[in-house]
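Read the structure below first, then the notes.
Numbering (the working numbering), first residue to last: -10 to 147.
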(Lines of atoms letter the chains of each structure in order from A and count residues from 1; the text may use other names and numbers.)
(Lines give C-alpha, C1' and ligand atoms only; values in the text may rest on other atoms or scores of the structure.)
Protein backbone atom coordinates (compact mmCIF):
# COMPACT_ATOMS: atom_id res chain seq x y z
CA UNK A 1 0.00 0.00 0.00
CA UNK A 2 1.29 3.46 -0.89
CA UNK A 3 1.04 6.68 1.16
CA UNK A 4 0.13 8.61 -1.97
CA UNK A 5 -3.50 9.77 -1.87
CA UNK A 6 -5.83 8.49 -4.52
CA UNK A 7 -7.22 10.64 -7.28
CA UNK A 8 -10.84 11.13 -8.31
CA UNK A 9 -11.47 12.71 -11.70
CA UNK A 10 -14.53 14.93 -12.06
CA UNK A 11 -15.75 15.88 -15.54
CA UNK A 12 -17.29 19.36 -15.46
CA UNK A 13 -18.90 21.74 -17.92
CA UNK A 14 -20.28 25.27 -17.51
CA UNK A 15 -23.90 24.43 -18.33
CA UNK A 16 -24.25 21.71 -15.67
CA UNK A 17 -25.44 22.26 -12.16
CA UNK A 18 -22.87 21.56 -9.49
CA UNK A 19 -24.52 18.47 -7.96
CA UNK A 20 -21.77 16.23 -9.37
CA UNK A 21 -19.08 18.52 -7.98
CA UNK A 22 -20.67 18.42 -4.52
CA UNK A 23 -20.92 14.62 -4.61
CA UNK A 24 -17.37 14.19 -5.91
CA UNK A 25 -16.06 16.56 -3.24
CA UNK A 26 -17.79 14.63 -0.47
CA UNK A 27 -16.45 11.35 -1.84
CA UNK A 28 -12.91 12.74 -2.18
CA UNK A 29 -13.08 14.02 1.39
CA UNK A 30 -14.24 10.61 2.69
CA UNK A 31 -11.50 8.77 0.77
CA UNK A 32 -8.76 11.31 1.49
CA UNK A 33 -8.32 11.63 -2.28
CA UNK A 34 -7.29 14.54 -4.49
CA UNK A 35 -10.02 15.83 -6.77
CA UNK A 36 -9.04 16.71 -10.34
CA UNK A 37 -11.72 18.69 -12.20
CA UNK A 38 -11.50 18.46 -15.98
CA UNK A 39 -13.33 20.51 -18.61
CA UNK A 40 -13.12 19.43 -22.23
CA UNK A 41 -13.86 21.82 -25.12
CA UNK A 42 -15.35 19.64 -27.89
CA UNK A 43 -15.07 22.49 -30.44
CA UNK A 44 -11.25 22.27 -30.32
CA UNK A 45 -8.61 19.57 -30.68
CA UNK A 46 -5.29 19.05 -28.95
CA UNK A 47 -2.24 20.18 -30.93
CA UNK A 48 0.34 19.66 -28.18
CA UNK A 49 0.31 18.33 -24.62
CA UNK A 50 2.72 20.42 -22.53
CA UNK A 51 4.90 19.06 -19.71
CA UNK A 52 2.82 20.79 -17.01
CA UNK A 53 -0.34 18.96 -18.16
CA UNK A 54 -1.85 21.87 -20.07
CA UNK A 55 -2.70 21.50 -23.73
CA UNK A 56 -2.23 23.74 -26.73
CA UNK A 57 -5.34 23.45 -28.85
CA UNK A 58 -6.81 24.67 -32.13
CA UNK A 59 -10.43 25.07 -33.25
CA UNK A 60 -12.08 22.40 -35.35
CA UNK A 61 -13.37 25.19 -37.61
CA UNK A 62 -10.69 25.55 -40.33
CA UNK A 63 -11.59 29.20 -40.90
CA UNK A 64 -10.47 30.15 -37.40
CA UNK A 65 -6.69 30.14 -37.22
CA UNK A 66 -5.62 30.21 -33.60
CA UNK A 67 -3.55 27.93 -31.44
CA UNK A 68 -3.33 28.66 -27.78
CA UNK A 69 -3.06 27.05 -24.38
CA UNK A 70 -6.53 25.81 -23.55
CA UNK A 71 -7.93 27.96 -20.71
CA UNK A 72 -10.18 26.59 -17.96
CA UNK A 73 -13.41 28.67 -17.90
CA UNK A 74 -12.96 31.26 -15.13
CA UNK A 75 -16.65 31.32 -14.13
CA UNK A 76 -16.62 27.53 -13.78
CA UNK A 77 -13.44 27.72 -11.68
CA UNK A 78 -15.10 30.26 -9.36
CA UNK A 79 -18.23 28.09 -9.04
CA UNK A 80 -16.10 25.07 -8.16
CA UNK A 81 -14.07 27.10 -5.66
CA UNK A 82 -17.23 27.99 -3.73
CA UNK A 83 -17.83 24.28 -3.13
CA UNK A 84 -14.23 23.08 -2.78
CA UNK A 85 -12.28 25.77 -0.96
CA UNK A 86 -14.14 25.56 2.38
CA UNK A 87 -13.29 21.85 2.61
CA UNK A 88 -10.06 20.00 3.23
CA UNK A 89 -9.89 18.59 -0.29
CA UNK A 90 -6.85 19.09 -2.49
CA UNK A 91 -8.13 19.98 -5.95
CA UNK A 92 -6.83 20.99 -9.34
CA UNK A 93 -8.34 21.92 -12.70
CA UNK A 94 -7.49 20.66 -16.17
CA UNK A 95 -8.57 22.21 -19.48
CA UNK A 96 -8.60 19.77 -22.39
CA UNK A 97 -9.76 19.75 -26.00
CA UNK A 98 -11.39 17.10 -28.16
CA UNK A 99 -13.81 14.25 -27.54
CA UNK A 100 -14.89 14.53 -23.89
CA UNK A 101 -15.11 10.81 -23.09
CA UNK A 102 -11.77 10.04 -24.79
CA UNK A 103 -10.03 12.98 -23.11
CA UNK A 104 -11.43 12.14 -19.67
CA UNK A 105 -10.39 8.49 -20.09
CA UNK A 106 -6.86 9.47 -21.13
CA UNK A 107 -6.49 11.94 -18.26
CA UNK A 108 -7.77 9.37 -15.76
CA UNK A 109 -5.11 6.96 -16.97
CA UNK A 110 -2.34 9.59 -16.78
CA UNK A 111 -3.38 10.55 -13.24
CA UNK A 112 -3.89 6.99 -12.03
CA UNK A 113 -7.45 7.93 -11.01
CA UNK A 114 -9.56 5.56 -8.94
CA UNK A 115 -12.84 6.70 -10.48
CA UNK A 116 -14.39 9.15 -12.92
CA UNK A 117 -17.35 11.21 -11.72
CA UNK A 118 -19.65 12.96 -14.19
CA UNK A 119 -23.00 14.66 -13.85
CA UNK A 120 -26.05 13.84 -15.89
CA UNK A 121 -27.48 16.76 -17.81
CA UNK A 122 -30.96 18.04 -17.14
CA UNK A 123 -33.41 16.83 -19.79
CA UNK A 124 -33.90 19.35 -22.62
CA UNK A 125 -34.33 19.37 -26.37
CA UNK A 126 -30.65 20.30 -26.82
CA UNK A 127 -29.52 17.47 -24.52
CA UNK A 128 -31.77 14.98 -26.30
CA UNK A 129 -30.40 15.97 -29.73
CA UNK A 130 -26.81 15.83 -28.49
CA UNK A 131 -27.30 12.37 -26.98
CA UNK A 132 -29.11 11.13 -30.10
CA UNK A 133 -26.20 12.17 -32.32
CA UNK A 134 -23.27 11.16 -30.16
CA UNK A 135 -24.54 9.63 -26.96
CA UNK A 136 -23.93 11.04 -23.54
CA UNK A 137 -20.43 11.34 -22.15
CA UNK A 138 -21.52 9.21 -19.18
CA UNK A 139 -22.73 6.41 -21.46
CA UNK A 140 -19.58 6.57 -23.59
CA UNK A 141 -17.38 6.39 -20.49
CA UNK A 142 -19.35 3.47 -19.08
CA UNK A 143 -18.87 1.53 -22.33
CA UNK A 144 -15.16 2.18 -22.89
CA UNK A 145 -13.71 2.76 -19.43
CA UNK A 146 -12.09 0.17 -17.18
CA UNK A 147 -12.41 2.45 -14.13
CA UNK A 148 -15.65 2.83 -12.21
CA UNK A 149 -17.78 5.69 -13.53
CA UNK A 150 -20.11 7.44 -11.11
CA UNK A 151 -22.97 9.33 -12.78
CA UNK A 152 -24.60 11.89 -10.49
CA UNK A 153 -28.20 12.73 -11.41
CA UNK A 154 -28.97 16.33 -12.27
CA UNK A 155 -30.74 18.26 -9.51
CA UNK A 156 -34.46 18.41 -10.14
CA UNK A 157 -35.82 21.94 -10.43
CA UNK A 158 -39.60 22.49 -10.42
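All residues carry an ideal CB built from backbone N, CA and C; glycine is no exception.
The structure presented is a predicted model; accordingly, all values stated were derived computationally and were not measured.
Determine the closest residue to residue 63 out of 31, 3, 136 and 138, with distance taken between C-alpha atoms. Within the chain shown, numbered from 1, the residue matching residue 63 stands at position 74. Of the candidates 31, 3, 136 and 138, the one whose C-alpha sits nearest the C-alpha of residue 63 is 3.
Could you check how far apart the C-beta atoms of residue 136 and residue 102 are, in whole angstroms? I think they sit under 8 Å. In the chain shown, the residue the question calls residue 136 occupies position 147. In the chain shown, the residue the question calls residue 102 occupies position 113. Right, the Cβ-Cβ distance comes to about 6 Å (below 8 Å), so this counts as a contact.
Using CA atoms only, rank isn't needed, just tell me which of 125, 84, 104 and 134 is closest to residue 38. Here residue 38 refers to the residue found at position 49 when the chain shown is read from its first residue. Just measuring C-alpha positions, the residue of 125, 84, 104 and 134 sitting nearest residue 38 is 84.
Backbone CA spacing between residue 30 and residue 81 [nearest angstrom]: Counting from 1 along the chain shown, the entry for residue 30 is found at position 41. Counting from 1 along the chain shown, the entry for residue 81 is found at position 92. Taking the straight line joining both Cα atoms gives about 17 Å.
For residue 21, count neighbouring Cβ atoms within 10 angstroms of its own Cβ and tell me buried if that reaches 16, exposed if not. Reading the chain shown from its first residue, position 32 is the one you call residue 21. It counts as exposed.
Run of the beta strand (DSSP E) containing residue 82, from where it starts to where it stops: Start at 1 with the first residue of the chain shown, and residue 82 comes out as number 93. That run of the beta strand (DSSP E) goes 80 to 86.
For residue 11, collect the residues of the same chain with a Cβ closer than 7 Å to its Cβ; drop the 5 residues on either side in sequence, then sort them by chain order. Locating residue 11 in the chain shown gives position 22, where the first residue counts as 1. Apart from sequence neighbours up to five positions away, the residues of its chain that approach residue 11 with a beta-carbon distance below 7 Å are 72, ordered along the chain.
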